[in-house]
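Report on the following structure.
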Amino acid sequence: MRLAEKISIVTGGGSGIGRATCERFAKEGSSVVVAEINEVAGQETVDLITDAGGISNFLPLDVTDIHSVKAMVEHTVNRYGTIDILVNNAAAFPMGSVEDATEDEWIHVMRTNVIGSANCIKEVAPIFRKSGGGSIINIASVSGFMAEPEAVPYNASKGAVMQLTRCTAMDLADDHIRVNGVCPGQIDTAGATQVIIDRGLDVVEADKERAAEALMKRMGRPEEIASVVLFLASEDASFMTGAHIVVDGGQL
Ligand SMILES: NC(=O)c1ccc[n+]([C@@H]2O[C@H](COP(=O)([O-])OP(=O)(O)OC[C@H]3O[C@@H](n4cnc5c(N)ncnc54)[C@H](O)[C@@H]3O)[C@@H](O)[C@H]2O)c1
103 MRLAEKISIV TGGGSGIGRA TCERFAKEGS SVVVAEINEV AGQETVDLIT DAGGISNFLP
163 LDVTDIHSVK AMVEHTVNRY GTIDILVNNA AAFPMGSVED ATEDEWIHVM RTNVIGSANC
223 IKEVAPIFRK SGGGSIINIA SVSGFMAEPE AVPYNASKGA VMQLTRCTAM DLADDHIRVN
283 GVCPGQIDTA GATQVIIDRG LDVVEADKER AAEALMKRMG RPEEIASVVL FLASEDASFM
343 TGAHIVVDGG QL
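In structure tokens form, the structure reads like this:
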């Protein structure tokens with residue numbers, strides 16, 4: 103029970119890495135707010151947790167809308183009294199070369215991945231400050247470190263998420279708020295599969311190529327990211343802030 107009596111918010115908790123994180127946090131004793139734009143998916147995560155004996159509830163959230171973020175944080179505090187952990191996981195995945203990407207795609211990816219995470223930190227930080235501290239984990243990506251073909255908007259956004267982590271860690275350190283990031287490699291999720299479909303690629307072939315990129319010659323499972331998010335959220339990572347942990351089976 104590494105998160106006993108902690109209150110956590112996980113954005114995009116209705117699918118993939120977000121869902122696995124919600125389930126793991128609940129198993130470790132945290133009450134978990136599944137904050138999601140997709141109500142059906144978010145409620146499914148809540149049902150999985152409550153069926154397993156955990157404490158969880160769904161709150162609608164669009165991270166790109168500051169009013170939605172404010173309402174989600176307010177509801178969380180009204181229900182649980184405080185917040186201890188924020189996981190910024192929700193993301194958009196527009197790909198393409200700099201010539202392919204439309205301005206709307208740029209605005210969407212930056213508003214979701216970068217400004218959306220900043221919105222959540224902005225609203226949660228005063229609650230953390232009041233209670234004497236907290237832990238924020240931003241889900242970045244190996245795509246924040248490396249160049250990949252036709253992936254400019256997404257990779258640029260993840261590079262920005264990593265700087266959001268470092269700079270926010272500096273600004274919030276005096277308030278005992280730790281801010282860290284996790285950089286997953288190729289993880290088998292619905293979101294990643296949708297990217298492959300949107301690019302018109304064969305899913306089986308693309309998955310083989312994704313698996314081949316890791317030294318371990320397989321894709322990662324969402325649970326394998328959740329366990330590292332748990333570590334950063336917990337007291338086991340009490341001397342870590344401004345750091346990124348790469349979880350990629352050796353891809354980088
Ligand atoms: N899957 C991978 O291979 C991989 C690799 C590196 C990093 N990541 C990162 O991990 C995180 C999770 O990815 P995933 O593969 O599990 O994705 P996913 O698409 O399976 O899940 C993302 C969830 O975020 C929600 N969401 C999207 N926009 C939202 C918004 N505006 N407000 C609230 N919720 C919103 C979606 O409804 C969805 O449930 C993302 O930050 C992604 O960039 C994934």
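Position one of the sequence shown corresponds to residue 103 (the working numbering), numbered consecutively onward. For each residue, glycine too, the CB sits at the ideal point set by N, CA and C. This structure is a prediction, so every number in the text was calculated from the model and none was measured.
Could you give the distance in angstroms between the alpha-carbon of residue 222 and the alpha-carbon of residue 242? Locating residue 222 in the sequence shown gives position 120, counting from the first residue. Locating residue 242 in the sequence shown gives position 140, counting from the first residue. Each residue's Cα considered, the two are about 15 Å apart.
From which residue to which residue does the alpha helix (DSSP H) around residue 305 run? Taking the sequence shown and counting its residues from 1, one reaches residue 305 at position 203. Run containing residue 305: 305 to 314, per the alpha helix (DSSP H) assignment.
For residue 241: DSSP bridge partner residues: Translated into positions along the sequence shown, residue 241 becomes position 139. 284, per the DSSP bridge assignment.
Please state whether DSSP places residue 326 in a helix, a strand or coil. Reading the sequence shown from its first residue, position 224 is the one you call residue 326. Assigned with DSSP and collapsed to three states, residue 326 falls in helix.
Cβ-based neighbour list, residue 274, same chain, cut-off 7 Å, excluding 5 preceding and 5 following: Counting from one through the sequence shown, the residue named residue 274 turns up at place 172. So the qualifying residues of the chain are 227, 281.
Which class does residue 278 belong to by DSSP, given the choice of helix, strand or coil? Residue mapping note: residue 278 aligns to position 176 of the sequence shown, counting from 1. If DSSP states are grouped into helix, strand and coil, residue 278 belongs with coil.
Nearest-angstrom Cα distance between residue 286 and residue 325? Working through the sequence shown from its first residue, we reach residue 286 at position 184. Working through the sequence shown from its first residue, we reach residue 325 at position 223. C-alpha of residue 286 to C-alpha of residue 325: approximately 11 Å in a straight line.
Does the Cβ of residue 144 have 16 or more other Cβ atoms within 10 Å, making it buried, or fewer, making it exposed? Your numbering for residue 144 matches position 42 in the sequence shown. It counts as buried.
Between 353, 110, 156, which lies nearest to residue 236 when the distance is taken from Cα to Cα? Indexing the sequence shown from 1 puts residue 236 at position 134. The candidate whose alpha carbon is nearest that of residue 236 is 110.
Run through the DSSP bridge pairs and tell me what residue 188 is partnered with. Position 86 of the sequence shown, counted from the start, is the residue given in the question as residue 188. For residue 188, the pairing in a beta bridge is given by DSSP as 111, 238.
Less than 8 Å between the C-beta atoms of residue 122 and residue 163, yes or no? Numbered from its first residue, the sequence shown carries residue 122 at position 20. Numbered from its first residue, the sequence shown carries residue 163 at position 61. In this structure, residue 122 keeps its C-beta atom at 8 Å or more from the C-beta atom of residue 163.
Beta strand (DSSP E) containing residue 347: first to last residue? On the sequence shown, position 245 is the one that residue 347 refers to. Taken as a continuous stretch (DSSP letters only), the beta strand (DSSP E) holding residue 347 covers 346 to 349.
Could you check whether the Cβ of residue 158 sits closer than 7 Å to any heavy atom belonging to ligand 1? Translated into positions along the sequence shown, residue 158 becomes position 56. No.
Helix, strand or coil for residue 134, going by three-state DSSP, please let me know. Here residue 134 is taken as the residue at index 32 of the sequence shown, counted from 1. In the displayed model, residue 134 falls within a strand according to three-state DSSP.
Taking the straight line between their C-alpha atoms, what separation do you get for residue 346 and residue 328? Locating residue 346 in the sequence shown gives position 244, counting from the first residue. Locating residue 328 in the sequence shown gives position 226, counting from the first residue. Their Cα atoms are separated by approximately 14 Å.
Check whether the Cβ of residue 286 lies closer than 7 Å to any heavy atom of ligand 1, and answer yes or no. Counting from 1 along the sequence shown, the entry for residue 286 is found at position 184. It does: the Cβ of residue 286 is within 7 Å (strictly closer) of some heavy atom of ligand 1.
Across the stretch 288 to 301 and the stretch 336 to 344, are there enough close Cβ pairs to call them in contact, namely three or more that are closer than 8 Å? Judged by pairs of C-beta atoms under 8 Å, the stretch 288 to 301 does not touch the stretch 336 to 344, as fewer than three such pairs exist.
Where does residue 223 fall in DSSP's three states? Looking up residue 223 in the sequence shown gives position 121. In the structure shown, residue 223 adopts helical secondary structure according to DSSP, grouped into three states.
Flag residue 198 as yes when its Cβ comes closer than 7 Å to any non-hydrogen atom of ligand 2, and as no otherwise. Looking at this structure, you won't find ligand 2 anywhere; what it does contain is ligand 1.
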